[in-house]
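Right, one structure below, let's go through it.
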Amino acid sequence: MLIRFLNFAVYSSGPYQVYDFVPTYLKGVLGFMGMTDLKIFRAEGLAYPGQAEAALQRGISSIAL
31 MLIRFLNFAV YSSGPYQVYD FVPTYLKGVL GFMGMTDLKI FRAEGLAYPG
81 QAEAALQRGI SSIAL
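According to the working numbering, the sequence shown is numbered sequentially starting from 31.
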């Protein structure tokens, strides 16, 4: 199962990392239902002026099917 996240801030590292609960929560809930083969893709920092396009491209380039 592929899961994608588009965040306006950066939650995977830095001061907001403490609020990065959604991937862990989804892995737990979906794992409980037997879905354990998960791949998470992120595009973060989309709200930062001048960096949104680069952030989106990093997210897209992280997808390797």
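Ideal Cβ positions, reconstructed from N, Cα and C, are used throughout, including at glycine.
- Query: Three-state secondary structure (DSSP) at Phe62?
  - Reply: Residue 62 sits at position 32 when you count from the first residue of the sequence shown. DSSP places Phe62 in the helix class (H, G or I) of the three-state scheme.
- Task: Give the secondary structure of Ile90 by DSSP, where H, G and I count as helix, E and B as strand, and everything else as coil.
- Result: Position 60 of the sequence shown, counted from the first residue, corresponds to residue 90. In the three-state scheme derived from DSSP, where H, G and I count as helix and E and B as strand, Ile90 is classed as helix.
- Hey, how far is the Cα of Leu76 from the Cα of Ser92? Residue numbering aside, residue 76 sits at position 46 when the sequence shown is read from its first letter. Residue numbering aside, residue 92 sits at position 62 when the sequence shown is read from its first letter. Those two C-alpha atoms are separated by around 15 angstroms.
- Flag this pair as touching only if the region 73-88 and the region 38-48 have three or more C-beta atom pairs under 8 angstroms; answer yes or no. With three or more CB-CB distances shorter than 8 angstroms, the region 73-88 counts as touching the region 38-48.
- Determine which residues share a DSSP beta bridge with Lys69 and list them. Looking up residue 69 in the sequence shown gives position 39. Checking the DSSP bridge columns, you'll see Lys69 partnered with Leu32.
- Message: If I measure Cβ to Cβ from Gln47 and keep anything under 7 angstroms in the same chain, skipping five residues before and after, which residues do I get?
- Response: Along the sequence shown, read from residue 1 onward, the residue named residue 47 stands at position 17. In the same chain as Gln47, and ignoring 5 residues on each side of it, the C-beta atoms closer than 7 angstroms to its own belong to Tyr41, in chain order.
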